[in-house]
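Under our numbering, the residues of the sequence shown are numbered 6 to 234, in order.
Heads up, the thing below is written out as structure tokens.
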Amino acid sequence: MVSSFEQYDRLADLLVYPGPDFKSRVKNAYEYLEKPYPEAAVHLKDFADFIANATQIESEELYTRSFDVQAATTLDIGYVLFGDDYKRGAVLVGLNGEHKEAGIDCSGELADHLPNVLRLLSKMEKPDLRMELIEKIVAPAVKKIIEEFEPNKIESKEVVYKKHHKTIIERSAEYGTIYQCPLKAVYCVLREDFNFKVMEMPPQGADFVKSVGTEMKIESENHSQERQI
């Protein structure tokens, strides 16, 4: 454990879309965590090793397949917990205000995008609010995102994607779920820093498999209507 909150900036670097400096960011994050957070570093090692040897295209494709296109899950933590419920809107409004106060540029992503929220944790000067945010929002959401990479959930999503897409983006059998590693590192650091109580998941949390199926169904119906016009 360290006395500042710089570690959350380093953790955020692991979960942004891979830019040209992604290899160095991952390496720096791993080295930063290795001594103060050895358990988190153990979780991160396989990911750090993969990125060190991956091409830029491989890193980009892995991120896209994990979080964007035919995705395993999403990094928008308000959606993870609340789906389209009005509570997500309240979370976004609150986080927007906190980001603005902390001077954080959300870089085109929503306020509840996990890397943005991690950067907020590193900069906010409200200890009580930080703790509440971690216990009620961040930690439960990260836990749920990690669970979305479990084999049975990946398989269920693949079934939905195959039903609605002619072309399926190949998922690596060896590395296709490796983003579990940095997410587990995030959860580990949060737990060590804040010793939070494990909150029960909100009952209205988004089921990513059902969400994908609903979106695909709506898209299919829209295409059918367009052909009829």
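Here a beta-carbon is modelled for each residue, glycine too, at the ideal position from N, C-alpha and C.
Please read all numbers here as calculations on a predicted model, not as lab measurements.
Using the C-alpha atoms, what's the distance from residue j back to residue i?
i	j	result
SER64	VAL194	24 Å
ALA146	PHE72	14 Å
ALA53	ALA144	22 Å
ALA34	ILE159	27 Å
HIS169	VAL74	13 Å
LYS28	PHE199	29 Å
GLU11	GLU137	19 Å
GLU152	ALA190	14 Å
VAL165	ALA77	12 Å
VAL96	ASN121	13 Å
ARG15	GLU163	32 Å
ILE109	PHE154	29 Å
PHE55	PRO156	20 Å
ILE150	LEU86	10 Å
LYS148	ILE139	12 Å
TYR13	ARG124	6 Å
PRO132	TYR68	32 Å
ASP26	GLU36	16 Å
ALA107	ASP117	15 Å
GLY88	ARG30	31 Å
LYS167	TYR84	24 Å
GLU66	LEU80	16 Å
ARG196	VAL203	9 Å
PRO208	CYS111	At PRO208 the pLDDT is 48, less than 50, meaning the model places this residue with poor confidence; the figure from the coordinates comes in the next sentence. Going by the C-alpha atoms only, they are around 28 Å apart.
SER161	ASP90	23 Å
Could you name the residues that DSSP lists as bridge partners for residue i?
i	result
HIS118	ASP81
Going by alpha carbons, who is nearest to residue i out of the options?
i	options	result
TYR192	PRO25, LYS32, VAL31 and LEU49	LEU49
GLY99	THR78, VAL85 and LEU115	LEU115
ASN58	LYS148, VAL164 and LYS32	LYS32
LEU119	ARG15, ARG176, ILE82 and ASP51	ILE82
GLU175	SER9, ILE56 and ARG70	ARG70
ASP51	TYR68, GLU66 and GLU179	GLU179
GLN61	PHE201, GLU155, LYS141 and GLY24	GLY24
LEU38	PHE55, ASP26 and SER9	SER9
LEU134	SER161, PHE55 and GLU103	GLU103
GLY113	ASN101, ALA107 and GLU106	ASN101
LYS92	LEU188, ASP26 and ILE142	ILE142
VAL47	LEU188, LYS202, VAL203 and LEU80	LEU188
Report yes or no: do the region 178-192 and the region 16-25 share at least 3 C-beta pairs separated by less than 8 Å?
-> yes
Are the region 41-61 and the region 126-141 touching by the rule of at least three beta carbon pairs closer than 8 Å?
-> no
Write down every uninterrupted run of the alpha helix (DSSP H) in the region 117-200 whose length is 4 residues or greater and which is fully enclosed by it, in chain order.
-> 119-128, 132-138, 144-152, 156-169 and 185-199
What are the complete alpha helix (DSSP H) segments, minimum 4 residues, inside the region 29-109?
-> 43-58, 61-72, 82-87 and 91-107
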